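A.B. asks:
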Amino acid sequence: MTEFSPTILAFCCNWCSYAGADLAGVNRLQMPPNVHVIRVMCSASVKPEYVFKAISQGIDGVLVLGCHIGDCHYLTGNHRTAKRIPVAKKILRDAGIDDRRVRLDWVSAAEGEKFQQVITEFVGEVKALGPNPLREVRM
Amino acid sequence: MEKVVVIGGGIAGIQASLDLADRGFEVHLVERSPSIGGHMAQLDKTFPTNDCSMCILSPKMIMCADHANIKLHTYSEVQAVTGDFPRFRVAIREKARFVDVKRCTGCGDCIAKCPVKVPWEFEEGLAQRKAIYLPFPQAVPRKVTIDGERCRMIQSKKCGVCKKVCQAGAIDYDQKDSVVEVEAAAIVVATGFELMDATVMSQYGLGACKDVVTSLQLERILSASGPTGGHLARPSDHREPRKLAFVQCVGSRDAHSHGYCSSVCCMYATKESILAREHAPGLETAIFYMDMRATGKGFQEFVSRARQNYGVRYIRSRPAKVQSTADGTGALVNYETSGLTGESVTEEFDMLVLCPALIPPKGAKELSALLGVALDEDGFIDTPDISRPVDTSRKGVLACGFASGPIDIPDSVSQASAAAARAAELIEGGAK
Amino acid sequence: MARVGVFICHCGHNIASTVNVEEVVEFAKGLPGVAYAGHNLYSCSEEGLGSIKRSIAENRLDRVVVAACTPRTHEPLFRRACEQAGINKYLFEFVNIREHCSWIHTKEPREATEKAKKLVAMGVAKAALLEPQTEGESAVLPAAVVIGGGVSGLAAAASLVDQGIETHLVEASDRLGGLLAEVTTIGPEGTDARETVRGIVTRLEASPKAHIHLRSRVAEVKGFVGNFEVTVRGCDGDLKVPAGAIVVATGTKELVPTGEYGFGQRPEVVTQLELERRLARGERPRRVVFINCVGSRQPGREYCSRVCCNVTLKNALALAKASPDSRIHVIHRDIMSSGTAAERLYKEASESGVKFLRYGLERVPEVVAGRDGVEVLVYDETLEETVHLGADLVVLAVPMVPPGDSEATAKLLKVPRDKFGFFLEAHVKLRPVEFATDGVFICGSARWPVSARECIWQGMAAAAKASIPIKEGKVVIQAITAEVDPDKCAACGNCVLACPYEAIEVVERDGRRAAKVNEAQCKGCGTCVAACHNDAVSQKGFTSGQLSAMVDALVKAALEVPR
Chain B
2 MTEFSPTILA FCCNWCSYAG ADLAGVNRLQ MPPNVHVIRV MCSASVKPEY VFKAISQGID
62 GVLVLGCHIG DCHYLTGNHR TAKRIPVAKK ILRDAGIDDR RVRLDWVSAA EGEKFQQVIT
122 EFVGEVKALG PNPLREVRM
Chain A
2 MEKVVVIGGG IAGIQASLDL ADRGFEVHLV ERSPSIGGHM AQLDKTFPTN DCSMCILSPK
62 MIMCADHANI KLHTYSEVQA VTGDFPRFRV AIREKARFVD VKRCTGCGDC IAKCPVKVPW
122 EFEEGLAQRK AIYLPFPQAV PRKVTIDGER CRMIQSKKCG VCKKVCQAGA IDYDQKDSVV
182 EVEAAAIVVA TGFELMDATV MSQYGLGACK DVVTSLQLER ILSASGPTGG HLARPSDHRE
242 PRKLAFVQCV GSRDAHSHGY CSSVCCMYAT KESILAREHA PGLETAIFYM DMRATGKGFQ
302 EFVSRARQNY GVRYIRSRPA KVQSTADGTG ALVNYETSGL TGESVTEEFD MLVLCPALIP
362 PKGAKELSAL LGVALDEDGF IDTPDISRPV DTSRKGVLAC GFASGPIDIP DSVSQASAAA
422 ARAAELIEGG AK
Chain G
44 MARVGVFICH CGHNIASTVN VEEVVEFAKG LPGVAYAGHN LYSCSEEGLG SIKRSIAENR
104 LDRVVVAACT PRTHEPLFRR ACEQAGINKY LFEFVNIREH CSWIHTKEPR EATEKAKKLV
164 AMGVAKAALL EPQTEGESAV LPAAVVIGGG VSGLAAAASL VDQGIETHLV EASDRLGGLL
224 AEVTTIGPEG TDARETVRGI VTRLEASPKA HIHLRSRVAE VKGFVGNFEV TVRGCDGDLK
284 VPAGAIVVAT GTKELVPTGE YGFGQRPEVV TQLELERRLA RGERPRRVVF INCVGSRQPG
344 REYCSRVCCN VTLKNALALA KASPDSRIHV IHRDIMSSGT AAERLYKEAS ESGVKFLRYG
404 LERVPEVVAG RDGVEVLVYD ETLEETVHLG ADLVVLAVPM VPPGDSEATA KLLKVPRDKF
464 GFFLEAHVKL RPVEFATDGV FICGSARWPV SARECIWQGM AAAAKASIPI KEGKVVIQAI
524 TAEVDPDKCA ACGNCVLACP YEAIEVVERD GRRAAKVNEA QCKGCGTCVA ACHNDAVSQK
584 GFTSGQLSAM VDALVKAALE VPR
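Residue numbers (our numbering), protein chains in the order written: chain B, 2 to 140; chain A, 2 to 433; chain G, 44 to 606.
1. In the structure shown, what three-state DSSP assignment does Pro152/G receive?
2. Taking 7 Å as the limit between beta carbons, can you name the residues of its chain near Arg327/G, skipping five residues before and five after?
3. Pull up the CB-CB distance for Gly329/A and Thr192/A, whole angstroms please, since I reckon it's below 8 Å.
4. Let me confirm a value: Pro475/G is counted as buried when at least 16 other C-beta atoms fall within 10 Å, else exposed. Which label applies?
5. For the beta strand (DSSP E) that Arg401/G lies in, which residues bound it at each end?
6. Nearest CA to the CA of Asp392/A: which residue from Ala246/A, Phe300/A, Ile188/A?
7. Out of curiosity, what's the CA-to-CA distance linking Asp198/A and Gly242/G?
8. Return the chain-ordered list of same chain residues with a C-beta closer than 8 Å to the C-beta of Ser216/A, the five sequence neighbours on each side being excluded.
9. For chain D, find out if any of its Cβ atoms is closer than 8 Å to the Cβ of Met379/G; answer yes or no.
10. For Arg106/G versus Val47/G, is the C-beta spacing smaller than 8 Å?
11. Counting pairs of beta carbons, one from the stretch 223 to 231 of chain G and one from the stretch 520 to 535 of chain G, are three or more of them closer than 8 Å?
12. Residues in its own chain within less than 7 Å of Ser348/G by CB, not counting five upstream and five downstream?
13. Round the Cβ separation of Ala332/A and Gly206/A to the nearest angstrom and send it over; I've been treating them as touching at under 8 Å.
14. Count the other CB atoms within 10 Å of the CB of Arg88/A; is the residue buried (16 or more) or exposed (fewer)?
15. Residue ranges of each alpha helix (DSSP H) run of no fewer than 4 residues wholly in the stretch 408 to 486 of chain G, ordered along the chain?
16. Ignore the nearest five residues each way along the sequence and tell me which others in Leu203/G's own chain have a CB closer than 7 Å to its CB.
17. Tell me the residue span of the beta strand (DSSP E) that contains Lys4/A.
18. Just to confirm the assignment, what range does the alpha helix (DSSP H) spanning Tyr389/G have?
19. Alpha helix (DSSP H) containing Phe70/G: first to last residue?
20. In its own chain, which residues sit with a C-beta less than 7 Å from the C-beta of Arg490/G, not counting the 5 before and 5 after it?
21. Less than 8 Å between the C-beta atoms of His37/B and Lys150/G, yes or no?
22. Exposed or buried, Gln206/G, counting other C-beta atoms within 10 Å across all chains shown (16 or more means buried)?
23. Got a sec: is the Cβ-Cβ distance from Met2/B to anything in chain G below 8 Å?
24. What residue range does the beta strand (DSSP E) around Tyr269/A cover?
25. Contact between the stretch 13 to 27 of chain A and the stretch 38 to 45 of chain B: three or more CB pairs below 8 Å?
26. Using only the alpha-carbon positions, how far apart do Arg240/A and Ala234/A sit?
27. For Leu602/G and Cys54/G, I'd like the C-alpha separation in whole angstroms.
28. Please state the DSSP three-state secondary structure of Gly84/A.
29. Scan the stretch 44 to 107 of chain A and note each continuous alpha helix (DSSP H) run of 4 residues or more that stays entirely inside, going in chain order.
30. Just mark Asn577/G as buried or exposed, buried being the case when its beta carbon has 16 or more other beta carbons within 10 Å.
31. Using beta carbons (cut-off 8 Å, strictly below), is Cys568/G in contact with chain B?
32. The beta strand (DSSP E) with Ile15/A in it runs from where to where?
33. Within 10 Å of its beta-carbon, does Ala421/A have 16 or more other beta-carbons around it, so buried, or fewer, so exposed?
34. Measure the alpha-carbon distance for Val438/G versus Val299/G and round it to whole angstroms.
35. Using alpha carbons as the reference points, say which of Ala592/G, Val194/G, Lys296/G lies closest to Ser449/G.
36. Tell me, please, whether the CB atom of Lys48/B is closer than 8 Å to any CB atom in chain G?
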């Protein structure tokens, strides 16, 4: 039985977290290969339905990364993300899914090291949670 | 549309051309080698981000070739300049390539069949090219050139194979040099630098010891598209070295050679140490230096990373002598350890890299005379007025990049943009 | 049915040394919608682009996916190549397998290759659903705002007005010149600082296009490239300045030592700027010890402040020449006199009697009371012994640091800063005077400590960049704006509340109410998209269909295919 290696999806905003991820790459900061990035312009455009779709289809973890509060390239976008993602997590909880499979965090364009840290931590946490129980029940 | 002539197609010349063209001027970019790109095209990676050099240069080269307002004159030189600001008359001699560039597709069939092999300038002599050649695979424009001095047909009416195999009918042995005259409102000089010939400093063994190379040669060795396919191999036996060292200030900061500091060598030696280690895990590297000049953005951390994460030994000492080992390989470096209790030691390395002084390129004196601009005591174009940092001694002639003194890539880029702004001020604003 | 072409880049060995490119190509061939898959050594080179364009023609491709570096650098290049090959430039998708894959999993090549395959599958799934778009244009206001009246801001403003561009220079203090106003000479050549500043200010004062606002700050910035509204707050109220471009030239300040070497307790211990003030007053202390790298190049502030060595050298030389019995010492860790003139200055200083001693971080100098003035104890690394130096004055060469309000400035303009608080440019090598945000530029020490000469040419460089859209008169708007399907819209107004730019509103059309996007105002963030409960708003290039397809593709590649 091979060790469980989670499959994780990350939504990164173009201006901060995607750039932070690029910086981590430029600095060759090593991290586990479990995370797959989808680029969006703002974290506020991430619909909860994408998160639900991913989880319900068996993805083990979802990361939503935006700019720090107060630094959103589009002024107030991340404020909405900050309100929206916790609601999405609550819905997952109510559906019996461990809400630690979804994480919201803030990474700036200069924070290559923070990106590495968030990725490494999150992969570790999701690994400890084990495979998404919905893997067997895909729609 | 007002015209500007930019002399030199390295990164500074390319950036100045792009900014001037975007600004609405017609730019004539003159480059004496068959392709634009300059020395940056020879580098593997650039400090301090270790960005792939070609990856960041190539798009700018292509934008130059594609831009509606830029006319490239490659394999060309400025022959004469008459008139004065704002009506310079610049005579550009387009040297005969013996190839019709309108027909050449850059397919390379001719190169494969050419029987003549000569040392390849781009590969710093580590490999050979043919008499008909592309200076490097990502050349812009992607057109071949016949080196008339080496070609058998041009020299003695023999061979002619390339013409036979060229399906586009692009070979033209009768092609002559042609002269194009451009009436330009301003001229930007961005002629860059070259490496000093360090063989004259015989104590360092370049030329005599097989495994002593120059830094540019190492860049080619480290490059994926270079003579060893990116494999770190030493020239004598192609073995991967276990110990590699760099000697800084070869000919720089030297009362008997060049007194000035070439500025970028501390950083590029650090970079090359890191890269060499990435190519050959377990490699031990050392840098013999005087002062470790890491003053730019992110530079000091780059050096710390080299020291802590890559185990680079920084030895504050100027080697006295370098010799090969008994079998003609490697390098025995004799140096004094620092401090009052310093002693003379000899350490063996498998390969040694020299960082030679970076000097004005061949022809710089003649070009400055042609342009009527003054040079400083080190032979670089003088830009004495601090409030006019790109102005030369002649109105309307601007200088940027290494042509006016040692400088790194980001500063060359911003200086080139400054030259574009100054040209715009002079031409449009009627500025003084 | 889409015909997607997939091009995997080796990027020299940046990608290929970790990711098995050929394997990814083979994998891509099997993806739905893929009509062609190939690879290039350097996709961004003329050869690479040519090969992509040829493949498009030969295989009648109508969508292109390039898997290479980061879209943040080369997306425009590949979009243009698609256009040249006859494909709408928005039918292109960029997959990052370098910064996000090969560079961060160097020790796990097998896993990196598998990850690259999944990322490519996601990119292909999105590409297959992309729609062609046309770009709009936006007029550019013919004016610029320069924030900061130090020498780089002055140089930027002077260049702009000399190019015939209306420019507003905003300076918080009551005079121009920034740090240079307090300095005697600049550069190894010893040029008079105030005269240099005066020369540039004269150019501004002579131009009817220049508007200088002293004792003023920028209170608010609204808008985007070409259409900024900058609120300048001065003593007599607010002025709203419409501008096409903004240049940030807010400079730095000297670090105030926190008691090092007796600073604050001993009156003999001063900073370099204080020495400049005394030199300007004609003072020439006889025994001076300079201590370099005070507060820099050490844990907590690792950077080198670049200019201090040269300032120390020029001041040391001036003091050494002032009197035959002056005793000037420079205690340093490295002398950073790069280049031609600076190295000559170093030589001249040592030939004029300035003595240099090298110290290490492990054993820093000490300043103690002396018989006459103070005494500096320094362990000289070359002599390997502690030397006692009597001094009338101890000058601490401290680094330049971001000013206290740099965080506020960053928030005002929505621009990033690095870990030291200096502003972060768009690309360290390719775009040193630009921010990633279009229309906003950076120059001088606000970006990194630089000399006066460098400040001036960077100011000019920022002016060059700012002048381009202003002279062009228009900018092209990226086609990533939002759009509303009126049939799905319930006119609830959530999107209107969500939009940070007032770019969407509910209007009446054909007898029914529905939301409508103002393309010129829309910044393409997509906030409205997630605010809509009915799936009525979508963002071009980032539709729900496209993003959902990416999720599906990851699921398929990761969970359904046996490892």
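Heads up, the beta-carbon is just placed ideally off N, CA and C, and yes, glycines get one too. Just so it is clear, the structure is predicted and the values come from calculations on it, not from any experiment.
C.D. replies: Answer, in terms of the structure:
1. helix
2. Leu362, Ala365, Ser366
3. At roughly 38 Å, the Cβ-Cβ gap does not stay under 8 Å, so Gly329/A and Thr192/A are not in contact.
4. buried
5. 398 to 401
6. Ile188/A
7. 42 Å
8. Leu196, Phe247, Cys266, Tyr269, Ala270, Glu273, Val354, Leu355, Cys356, Pro357
9. Although the question refers to chain D, the structure presented lacks it and instead comprises the protein chains B, A and G.
10. yes
11. no
12. Ser339, Pro442, Met443, Pro492
13. 7 Å
14. exposed
15. 449 to 456
16. Ala187, Thr210, Ala506, Ala509, Ser510
17. 4 to 8
18. 384 to 394
19. 64 to 72
20. Phe465, Phe466, Glu468
21. no
22. buried
23. At Met2/B the pLDDT is 49, less than 50, meaning the model places this residue with poor confidence and gives no usable figure here.
24. Segment 266 to 280 is the alpha helix (DSSP H) holding Tyr269/A; no beta strand (DSSP E) there.
25. no
26. 5 Å
27. 29 Å
28. strand
29. 54 to 67
30. exposed
31. yes
32. Looking at the DSSP string, Ile15/A is not in any beta strand (DSSP E); the run it does join, the alpha helix (DSSP H), is 12 to 23.
33. buried
34. 13 Å
35. Lys296/G
36. yes
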